[in-house]
Amino acid sequence: MQRCTTLTLARHSRLLLRSKFALAQRQQSAAMSSLLINQPKYAWLKELGLSEDNPGVYNGSWGGSGEVITSYCPANNEPIARVTQATLAEYEETVQKTKEAWKLWADIPAPKRAEIVRQIGDALRKKIKVLGSLVSLEMGKIYVEGVGEVQEYVDVCDYAVGLSRMIGGPILPSERPGHALIEQWNPVGLVGAPTTPLTSVAVTKIVAEVLEQNNLPGSICSMTCGGADIGTAMAKDERVDLLSFTGSTYVGKMVAMMVQERFGRKLLELGGNNAIIVFEDADLNLVVPSAVFASVGTAGQRCTTTRRLMLHESVHDTVVESLAKAYKQVRIGDPWDPSTLYGPLHTKQAVEQYLAAIEQAKQQGGTVVCGGKVMDRPGNYVEPTIITGLAHDASIVHTETFVPILYVLKFKTEEEAFAWNNEVKQGLSSSIFTKDLGRVFRWLGPRGSDCGIVNVNIPTSGAEIGGAFGGEKHTGGGRESGSDSWKQYMRRSTCTINYSKDLPLAQGIKFE
Numbered sequence: 001m002q003r004c005t006t007l008t009l010a011r012h013s014r015l016l017l018r019s020k021f022a023l024a025q026r027q028q029s030a031a032m033s034s035l036l037i038n039q040p041k042y043a044w045l046k047e048l049g050l051s052e053d054n055p056g057v058y059n060g061s062w063g064g065s066g067e068v069i070t071s072y073c074p075a076n077n078e079p080i081a082r083v084t085q086a087t088l089a090e091y092e093e094t095v096q097k098t099k100e101a102w103k104l105w106a107d108i109p110a111p112k113r114a115e116i117v118r119q120i121g122d123a124l125r126k127k128i129k130v131l132g133s134l135v136s137l138e139m140g141k142i143y144v145e146g147v148g149e150v151q152e153y154v155d156v157c158d159y160a161v162g163l164s165r166m167i168g169g170p171i172l173p174s175e176r177p178g179h180a181l182i183e184q185w186n187p188v189g190l191v192g193a194p195t196t197p198l199t200s201v202a203v204t205k206i207v208a209e210v211l212e213q214n215n216l217p218g219s220i221c222s223m224t225c226g227g228a229d230i231g232t233a234m235a236k237d238e239r240v241d242l243l244s245f246t247g248s249t250y251v252g253k254m255v256a257m258m259v260q261e262r263f264g265r266k267l268l269e270l271g272g273n274n275a276i277i278v279f280e281d282a283d284l285n286l287v288v289p290s291a292v293f294a295s296v297g298t299a300g301q302r303c304t305t306t307r308r309l310m311l312h313e314s315v316h317d318t319v320v321e322s323l324a325k326a327y328k329q330v331r332i333g334d335p336w337d338p339s340t341l342y343g344p345l346h347t348k349q350a351v352e353q354y355l356a357a358i359e360q361a362k363q364q365g366g367t368v369v370c371g372g373k374v375m376d377r378p379g380n381y382v383e384p385t386i387i388t389g390l391a392h393d394a395s396i397v398h399t400e401t402f403v404p405i406l407y408v409l410k411f412k413t414e415e416e417a418f419a420w421n422n423e424v425k426q427g428l429s430s431s432i433f434t435k436d437l438g439r440v441f442r443w444l445g446p447r448g449s450d451c452g453i454v455n456v457n458i459p460t461s462g463a464e465i466g467g468a469f470g471g472e473k474h475t476g477g478g479r480e481s482g483s484d485s486w487k488q489y490m491r492r493s494t495c496t497i498n499y500s501k502d503l504p505l506a507q508g509i510k511f512e
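Using the UniProt record's numbering, the first residue of the sequence shown is number 1, and each one after it goes up by one.
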């Protein structure tokens with residue numbers, strides 16, 4: 001029987017191969033037609049240079065021969081397009097090319113480098129709506145937030161252009177005659193930042209075009225899409241002078257340990273278990289819209305999302321009632337519909353985390369006032385949820401769930417409210433609502449909020465780029481954008497210049 005089968009297969013091999021080839025063609029054709037990028041509704045994706053299959057490596061030329069991943073739209077869980085990730089060999093090639101490109105980039109004066117950054121900002125500005133639509137499609141942010149994401153990138157470019165003529169170190173007085181101390185700042189070198197696939201490819205194409213127009217190597221701004229193997233290689237690579245990582249505290253800790261093992265530099269932007277505290281004298285007309293925006297915006301998936309709402313006992317019931325009414329009026333829909341205020345969660349796993357968190361909250365004494373269910377529609381939609389009745393130190397309250405669940409807590413005194421704000425492991429964003437000026441300055445003082453962002457009468461989310469952005473404790477301690485956070489991307493040297501003919505030593509030491 002075995003021999004007969006073998007002979008039969010041999011005799012009809014050509015026919016079988018033709019059949020398999022035809023089947024493969026039909027499957028490939030069906031797969032391609034099912035991709036959103038091939039549907040007329042999403043033809044705008046091709047304006048960004050995207051196609052069915054996209055290279056996930058750029059180092060002056062495009063490539064990628066690693067694992068092929070598919071990017072899905074969280075609003076309907078349909079595939080958008082595919083990206084071919086980098087192999088370790090391609091990562092190695094990219095690092096080498098980037099190090100070489102840095103030598104050229106570092107020799108260009110800062111104001112001249114800023115001219116390139118200005119052009120990048122202008123190029124992004126021209127594509128702001130279509131890029132915003134891509135962010136919305138791929139991540140699930142509502143359209144206005146997707147555009148805002150790109151606008152923030154443009155704003156950072158503008159900020160950097162102005163900063164280029166202001167970066168300087170002080171000339172310090174020396175205790176030695178005929179000497180001067182100067183602080184000098186220089187670019188740190190190679191910076192690695194893991195990001196997301198299609199949006200990364202689209203943005204890199206825009207940046208690459210600007211670099212090429214200025215006859216600069218594209219490897220100045222390289223890209224390697226990859227999984228844990230690429231991330232681990234980057235974290236352990238001594239040639240990567242600074243590693244910037246945004247993500248969960250769990251992964252951030254692993255990254256930090258790998259970078260620290262090589263005494264490298266890291267910039268971590270991790271989790272946040274952010275709180276709004278509402279006192280008895282608060283303007284409730286500000287409180288409710290602020291709490292809704294901060295807890296429901298981006299479907300609870302911002303690092304600055306409000307997860308804990310602490311209400312003074314005298315206003316607790318009133319605020320909860322108003323908040324529940326406001327939640328029920330939130331317009332839920334497709335994220336790219338301009339009228340939508342609330343879109344889907346990014347992944348199916350997030351939906352599972354949402355359900356698990358609600359179940360844990362119930363077991364720990366919480367009451368679901370609003371929401372609490374998965375919505376019956378395509379995509380990763382869940383109801384924005386309010387839960388009351390939990391203890392301030394309940395384990396679920398101290399767990400950052402990256403989903404739209406708001407835990408409402410009741411407090412009596414300022415002292416306990418401030419203490420509850422600070423008792424969680426993260427320290428990103430916080431805000432109080434009050435008219436008491438003394439309380440405001442206590443909140444800003446050493447015994448007030450221990451967060452990196454300490455607001456008054458505004459939400460915990462929606463930061464501007466002019467101020468340093470980041471947090472303390474398990475949030476990672478890094479600062480991105482604004483203020484003097486540029487120093488993290490630079491290396492500082494102290495130079496002592498002797499312009500005299502003598503050689504006095506510091507601290508009055510005699511060595512004769």
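Cβ coordinates follow ideal geometry from the N, Cα and C atoms, glycine included.
Computed from a prediction, not measured in an experiment: that's the story for all the values here.
- By alpha-carbon distance to E183, the top candidate from K487, I69, G508, A506 is K487.
- Remark: C-beta atoms of V287 and F433 approach each other more closely than 7 Å.
- Cβ atoms of L48 and A202 come within 8 Å of each other, at about 4 Å.
- For the pair S461 and T304, the CB atoms are nearer than the 7 Å cut-off.
- Rounded to whole angstroms, the separation of the alpha carbons of V147 and A228 is 29 Å.
- Less than 7 Å divides the Cβ of S500 from the Cβ of G178.
- As for any alpha helix (DSSP H) of minimum length 4 sitting wholly inside the segment 425 to 456, the runs are 437 to 444, ordered along the chain.
- Take the alpha-carbon of C225 and the one of V57: they are about 6 Å apart.
- In the displayed model, T70 falls within a strand according to three-state DSSP.
- Nearest neighbour of P217 by Cα position, chosen from E400, W102, E90, T70, turns out to be W102.
- Remark: C-beta atoms of C221 and L137 do not approach each other more closely than 7 Å.
- The C-alpha of L323 is placed about 34 Å away from the C-alpha of V156.
- Its chain contains N273, E423, V424, K425 as the residues whose beta carbon lies nearer than 8 Å to that of H398, once the 5 sequence neighbours on both sides are disregarded; these appear in chain order.
- As computed with DSSP, R492 is found in a beta bridge with W185.
- Using a 10 angstroms sphere on the CB of N186, the tally of other CB atoms stays under 16, which defines it as exposed.
- CA-to-CA, the gap between Q353 and G477 works out to about 26 Å.
- Within 10 angstroms of the beta-carbon of K141 lie 16 or more other beta-carbons, which makes it buried.
- Below 8 Å, enough C-beta pairs join the segment 391 to 406 and the segment 356 to 365 to call them touching: three or more.
- Secondary structure note for P197: it is in no beta strand (DSSP E), and the uninterrupted alpha helix (DSSP H) holding it is 197 to 213.
- Using a Cβ distance threshold of 7 Å, G427 and K473 count as a contacting pair.
- The Cβ neighbour count for A419, taken over all protein chains shown within 10 Å, is under 16; the residue is labelled exposed.
- Inter-residue distance for G452 and Q329 is about 32 Å (C-alpha atoms, whole angstroms).
- Secondary structure at T98: helix, using DSSP grouped into helix, strand and coil.
- For L243, the closest of R331, K410, A256, S34 by C-alpha to C-alpha distance is A256.
- Listed in chain order, the non-local C-beta contacts of E149 below 6 Å within the same chain comprise V135, local neighbours out to five positions each way being set aside.
- Listed as beta-bridge partners of C370 by DSSP are I386.
- Taking each of E313, T385, A356 in turn and checking the Cα distance to A326, the smallest one comes out for T385.
- Listed in chain order, the non-local C-beta contacts of R491 below 7 Å within the same chain comprise N186, V188, local neighbours out to five positions each way being set aside.
- For the pair G121 and S219, the CB atoms are not nearer than the 7 Å cut-off.
- Taking all protein chains in view, the Cβ of Q213 is surrounded by fewer than 16 other Cβ atoms within 10 Å, so the residue is classified as exposed.
- Residue range 110 to 126 is occupied by the alpha helix (DSSP H) that includes R125.
- Using a 10 angstroms sphere on the CB of D376, the tally of other CB atoms stays under 16, which defines it as exposed.
- CA-CA distance, V278 to P173, rounds to 49 Å.
- V147 has no beta-bridge partner at all, per DSSP.
- Check the Cα spacing between V83 and each of S164, L198, Q151: the tightest is with L198.
- For the 7 Å CB-CB criterion, F402 and Q301 form a contact.
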